[in-house]
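Protein chains in written order, with this note's numbering: chain F, 738 to 1224; chain S, 398 to 884. From the three backbone atoms N, C-alpha and C, an ideal C-beta is built for every residue, glycine too. As the structure is a computational prediction, the values presented were derived from the model and not from experiment.
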Ligand SMILES: [Zn+2]
C-alpha cells in the first residue's frame, strides 16, 4: 500500500475502496521490516489492532455509523495512559506500569474508531531534544539512521515518517512535537495550552505540556485536531467550550486567508545553519508569492526564553516526579535499610541521568532563599514573553521562524553537552511559555538531504487559522510528499 | 520565688474535615471505617497523569466557615503545592494554599467561665487536602491506607491569644459547635474530624524582669481532654525547666512534642525546629478561584445566628441561666426549635424548662434531634402557655409533653384526656378548703399564730387540698383562699 494521508485512507476505507484490515496489515508489515532499524515503538498491539480493523470493516460493510478516524492506524506517545499495554514514559521507574485508566485523548481516539498500533518511544518523561534519553530503546531518524529523530516525541515522528502508522500523538513541553517533526519531515502541531485535555498525560511541566498531532499532511493534522480537542471536565485547565467553541478544522482548511500579514523577527535566524536559513527564506518567498505581506516584528525577550523555560519546567517536573518513589508503585529498590532508602535508592536506580539533572535543577530553583531569584523571576520573564506575542499579534496574524537551528544531528553528538542540546529548542520554547499554538511543516532539505521544518505561530485558540496558513504553503510545495528511502 | 508571675500564651492550628459528599479533588466518597483503600481512584492515589478538579462544595463550605470566623474573604485565591516525602502522601506533595489563602484576619468569640466572652484572633483559614494514614500494626513492615487521602480540610490558625488550657478548650468546643451549626463538618473527634496542634509558651516575670520560655508545638491532638491536659502539662514543664535550668526562648529552640495519653505527658519529638523546606509553588494543574460578589452573597445567606451569639441572647434577653442557654445552643436544631416556640408565644423560661427537662431527654433516648421528635414548636408554645395561665401545673406539662411525643395529639386534648386541667373554680375549691381546715385544727392554729411554723403549716394545708383534688386544683387559687379564710 503506497503513501497516502490518513484522510485519504479513511475516505477509501469508508467507500470500501480499501479496508482497514488491509491498511493495518500493511502497517504491521512495514513495522516487521523497518522497526528493528528505526526503533520507534516501545510496544505494539498487532492482535488488538487487526481485531479492531476487522470490526470497523464489518461495521462499514453493514452500513453502520463509524467515527472520524475509522480504521486509520495511529500511534500514541508512551507518556499517555492506556488501560491496554504499559505506560512507561521510557523510564525504568515505570517500565512495568499498567495504567488503570485511559488518557482523555486515548478515549477520544477510541471513540473516533482509530486503530491503535502501538506506543512510541520518547526521551524519558519527555525530557530531551533527541529521544536519546530513553531508558528503554534507541529511535533513529528514518532519513538517516545515524541521526536522531529529535525529541522528545521522536518515536511518534519517526513512526509517522517511516510509515509505521498514519498519524500519531505527541506531547510538547518546549518543542517536543515541532522539533522532531522538523527533523523527520512531517507535520507537528502544538495546540494552544488548554485546547486539548492533559488528563492522562504523564506530567512533565504541567503549565507547559500540551498534547498534539503528528501527521504527514496539514489536512491530517486538522483531522486529528477534530478528534482530540474540546473541554474535559477532568482537566480544569482545559478551556471551556463557552469561552472558545470547538470548530471543525477541516471545513475551512482550504479557504485562503486574504490580506495575510506575516511577521518575521529580524536577527532571529542568524544562529541557525545556513541551509535552515535558506529554507526559511524560501518559505517566506512562497508566502510573498501567495500575496502575504511580510512585516518585521520584535520579540525583545526571546533571548531569555530558554533560561525561563528550564527554571519553570524543571521546577514543575521536580514536583510532578516526586510521586515516583518506590512506595506506591513502580520500581522499588531491593532490600532497603529503612524507608528513607526506599525513596532514595528507588529513585536513584529508576531515573536516568537527564531526569535526575532536571529534578535537581527544579528542586534547587524552588528551595527557600532561591525561589524569588529563580522561579519568580522566570515567571516574570514568562509574562514578558507573553507580552511580546500579544504586541506582535496586534500587527500580524502569524509569525514565521525556524523550528530548530539545525537539522537532525548525529546520535551521540550532543549527549555530553546538555546546554548545547537545550539550544535545539531555542525557537520552540517561547510558544510554550506564552501558551500560543505553533506548527512545524516541511519546508526544504539541507545538503545532507535532511528535512527542514518551518515554524508558524499564531495567537491563542486560532488553530483554525494556523492550519489554513500552513495549508496554503503545503498546497504550493511538494516538500511534504518526499519520503525517506528507508522502507 | 514569691514575686514570680507568669502568663500562658497559646495559639492553635486546627484541622477540620469538611463534610462534603466527595473528596477535595476527585469524585471518591468520603468515608470512615471502610475497608482500607476501598475509597480511592487514580486521582487520590496520585497515579501518573491524573489531574485534580476542585470540589466546589468544599470551597463554599470553607468560605462559609471563614465568614462565621469573621474573616476577610479573598476574591481571588490560588492553590499551591507543598512538597514533602511521606508514605501516606500519594503525590509527595499536598495541594494547599500558601500566600493567597481564601480568608484571613478574623476572630472567634469564646465563652469564659465568668459568663463573659473573649475574642481570639484568627490569622487565616484555608483549604487543603488531607493525607492518608500509615498503619504500623504488625510485622516489620508498614501499610498505607489512602481512604482519607484527599479529604477536604479547613486549616484554621489562631493568634496566640489564649491564656489558659481552659480557654483553649473553650475555643475548641466553640469551634466544634460552630462548624456543626453551619453544617460544614460533623466535627466528630472520635473519627478524627478535628485535630489540634497548640503552640505553647510562657512569659515569666521574675524580679521585675520578663523571660519567654521556648515555644513547644504539640502535634496531632484529637480530643478535648488531650488538648486541655497537654497544655496544662506543658505549662508545668516549661515552668520547671525555667526554674531548674533557666531555659528561655532562643533562635531555633522551638520544639515539637507529642502527647502520650497513658503517661499523661508531652514527649519530645524533635529537639530543634527543623528548617522545613516545603518548596511551595503555585499548583499548575488547578486554575485560580475567583469568587464573585454574587457567589459570596449566596454563601453569606447561608450563615445563621452563631451559637455563642444565641447563647448570649438567651441569657441577656430571656434571663435564662448560662447552663440552660448552653444546653439549648449545643445543637443548632434545639436552638432553632426553641426560638420558634418562643416566637409562637411560649414564655422563654417555660419553653426552656420543657425542652431541657423532657424534650432533650426524649430526643436523646431516640437518638434524634428535638425537631425530629414529632412535635411542632407552636405545640410546645401552647403547652407553655397553658402552664403560664394556670390551666395545668408544670408537672402536668412534663407529662403532657411526653404524651405529645408518643401519640402526637394537641396539648389541650391531652390535658383533658388525662384529667390534668387544674380546677380554678373558686366556689368549688372553697368547699374543699373549708373541709380541710375543719380536719386540721393544729395546722390552722399554727398558721393563725403567725409564728415560726406558720409557713410550713400553710404548705401542709395546701398539700392536703391538692391531695383531695388529685392534683387538679390550681395551687395559686387555693393559696389565696386559704390566706383569705385564715386572716
Ligand atoms: Zn479519588
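For residue 958 of chain F, the enclosing alpha helix (DSSP H) has its first and last residue at 955-965. For the C-beta of residue 684 of chain S, the chain F residues within less than 8 Å are, from N- to C-terminus, 973 and 974. Proximity of chain S to residue 966 of chain F at the Cβ level (cut-off 9 Å) is not reached, the minimal Cβ distance being about 17 Å. Within its own chain, the residues whose Cβ lies closer than 6 Å to the Cβ of residue 820 of chain F, once the five positions on either side in sequence are excluded, are 839, listed in chain order. Against residue 488 of chain S, the close residues of chain F are 1059 and 1060, in the order they occur along the chain (beta-carbon pairs closer than 7 Å). Taking 7 Å as the cut-off, the C-beta of residue 440 of chain S counts as close to a heavy atom of ligand 1. Counting along the chain, residue 743 of chain F sits inside the alpha helix (DSSP H) bounded by residues 743-752. Residue 935 of chain F belongs to the set of residues whose beta carbon lies under 8 Å from a beta carbon in chain S. The Cβ of residue 835 of chain F sits no closer than 8 Å to any Cβ of chain S. Residue 840 of chain F sits in coil when the DSSP states are folded into three classes, being neither helix nor strand. Residue 1068 of chain F has a beta carbon lying at 8 Å or more from every beta carbon in chain S. Contact between the region 426-442 of chain S and the region 541-557 of chain S is present: 3 or more CB-CB pairs across the two stretches fall below 8 Å. Straight-line spacing of the CA atoms in residue 869 of chain S and residue 751 of chain S works out to 20 Å. Taking a Cβ-Cβ threshold of 7 Å, the residues of chain S close to residue 1053 of chain F are 681, in chain order. A direct Cα-Cα distance of roughly 11 Å separates residue 1141 of chain F from residue 913 of chain F. Minimum Cα-Cα distance from residue 1151 of chain F among the listed residues F:1078, F:867 and F:895 corresponds to F:867.
Under the Cβ distance rule, residue 720 of chain S does not count among the residues neighbouring chain F, no pair being separated by less than 8 Å. The beta carbon of residue 732 of chain S does not come within 8 Å of any beta carbon belonging to chain F, so the residue lies off that interface. Only exposed fits residue 657 of chain S, as fewer than 16 other CB atoms lie within 10 angstroms of its CB. The closest CA to that of residue 789 of chain F, considering only F:810, F:772 and F:1055, is found on F:810. Linking residue 852 of chain F to residue 485 of chain S through their CA atoms gives a straight-line distance of about 40 Å. A straight-line Cα-Cα distance of about 23 Å links residue 846 of chain F and residue 450 of chain S. Per the coordinates, the alpha-carbon of residue 939 of chain F lies some 56 Å from the alpha-carbon of residue 771 of chain S.
Ranked by how close their Cα comes to the Cα of residue 687 of chain S, the residues S:457, S:445 and S:641 have S:457 in first place.
Note: residue 594 of chain S is bridge-paired with S:410 in the DSSP secondary-structure output. Neighbourhood of residue 1100 of chain F in chain S, by CB distance below 8 Å: 676, in chain order. Taking a C-beta distance under 8 Å as the contact criterion, residue 777 of chain F and residue 901 of chain F qualify as a contact pair. Shortest Cα-Cα distance from residue 1078 of chain F to any of S:400, S:468, S:483 and S:401 involves S:483. Relative to ligand 1, residue 437 of chain S has its C-beta within less than 7 Å of a heavy atom. Assignment of residue 811 of chain F by DSSP, reduced to helix, strand and coil, places it in the strand class. At a cut-off of 8 Å between beta-carbon atoms, residue 1086 of chain F makes no contact with chain S. When DSSP states are grouped into helix, strand and coil, residue 1177 of chain F belongs to the strand group.
Nearest CB-CB separation between residue 1115 of chain F and chain S: not below the 8 Å threshold.
Between residue 566 of chain S and residue 746 of chain S, the alpha-carbon positions lie close to 29 Å from each other. The distance from the Cβ of residue 804 of chain F to that of residue 1177 of chain F is about 27 Å, inconsistent with a contact at the 8 Å cut-off.
Any Cβ of chain F closer than 8 Å to the Cβ of residue 649 of chain S would place that residue at the interface, and such an atom is absent.
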